[in-house]
Every structure is written in structure tokens, then in C-alpha cells.
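Numbering (the working numbering), first residue to last: 11 to 173.
Beta carbons are placed, not taken as given, at the ideal position from N, Cα and C, and that holds for glycine.
Following: one structure in C-alpha cells, then a few remarks.
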């Protein structure tokens, strides 16, 4: 049996969460809480979470209607596991919007990620700070070399660089 996609697995998780939340809403009443205030807060947060989960489920089922996509769709698009995408989000390799655990990734960001490719994304995320710093310094030095070469070409044709 083929492995389920990240979207299928996440849809199943959301269905289970929704069932649990709805069961809790049916079971609990004001008398289960120490005050009206605590009960109202729980009720409000439960309804907000249900709305968020339904919104995510809608985006999973009809991604074409959304500018920002759930992580499960990104995982499937990049041929990564959902936990790998979530790790990249936590490490700051993927720029997101929205609340933690319900982040969304813009289509522009998906384009950038697709250009990099999954192997490069995972390589970047596994680098330590020293490696990232050394790579950045090397790129800056490469840029300096290009500028110096450009200045030399300008000088050869009689143009004085202004930078």
C-alpha cells in the first residue's frame, strides 16, 4: 500500500482533532469550570480552534483558492515529509505567516523553495552558524572580486567608476 501524502495525513489529523473538540464541547458544561469567565474563555478558544482547523482543511482540499498554503501542501510539492518542512520553518529557512502550528507559506515562497530544491534546503538547515558565516564571507569576497573586475574593465574603456 503506497504511503499517504502529507495532505492526506494532515487532513486525517484535522478530522480527529475536530471530532475530539466537538466531543468536548458536547460533554462539558459551565459546572465543569470554576467560574463563568473560565468557561467562556474555554468555549471561545475551542470555537476559534475549530474555525482555524476548518480553514486549514479547506486550504488542503482546495489550495487553488488560497494565496498562502499550509505546510502539508508544501511538503508534498517539495517531496519532503511534513516534519521536515516544520523543522525548516522552525529554523527560519521557510518564511511563513500565521500562528505557530497553523503557519501558511506564500506561493512566492514556494517558488523560491522549489528553485532551491529539497536537497539544498535540507543542506542549508543542517549547517551550523560557523559554516553559514564562512559561506557568507566567501560570497561577499566573491562579490568584491566581481566589482574589482568590473572596475578594471571600466578603466580599460576609459570610464571612471563612481563607486
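- DSSP, read as helix, strand or coil, puts residue 111 in coil.
- The straight-line gap separating the alpha-carbon atoms of residue 56 and residue 68 is approximately 18 angstroms.
- Secondary structure at residue 63: helix, using DSSP grouped into helix, strand and coil.
- One alpha carbon belongs to residue 45, the other to residue 38, and they sit about 13 angstroms apart.
- Bounds of the beta strand (DSSP E) holding residue 79 are 78-80.
- Beta-bridge partners of residue 116 (DSSP): 78.
- With a 10 Å radius around the Cβ and a threshold of 16 neighbouring Cβ atoms, residue 86 comes out buried.
- Judged by DSSP secondary structure, residue 128 falls within the alpha helix (DSSP H) whose first and last residues are 128-135.
- Cβ atoms of residue 78 and residue 114 come within 8 angstroms of each other, at about 3 angstroms.
- In this structure residue 112 is in contact with residue 62, their Cβ atoms being roughly 5 angstroms apart against a cut-off of 8 angstroms.
- Counting along the chain, the unbroken alpha helix (DSSP H) around residue 99 starts and ends at 92-100.
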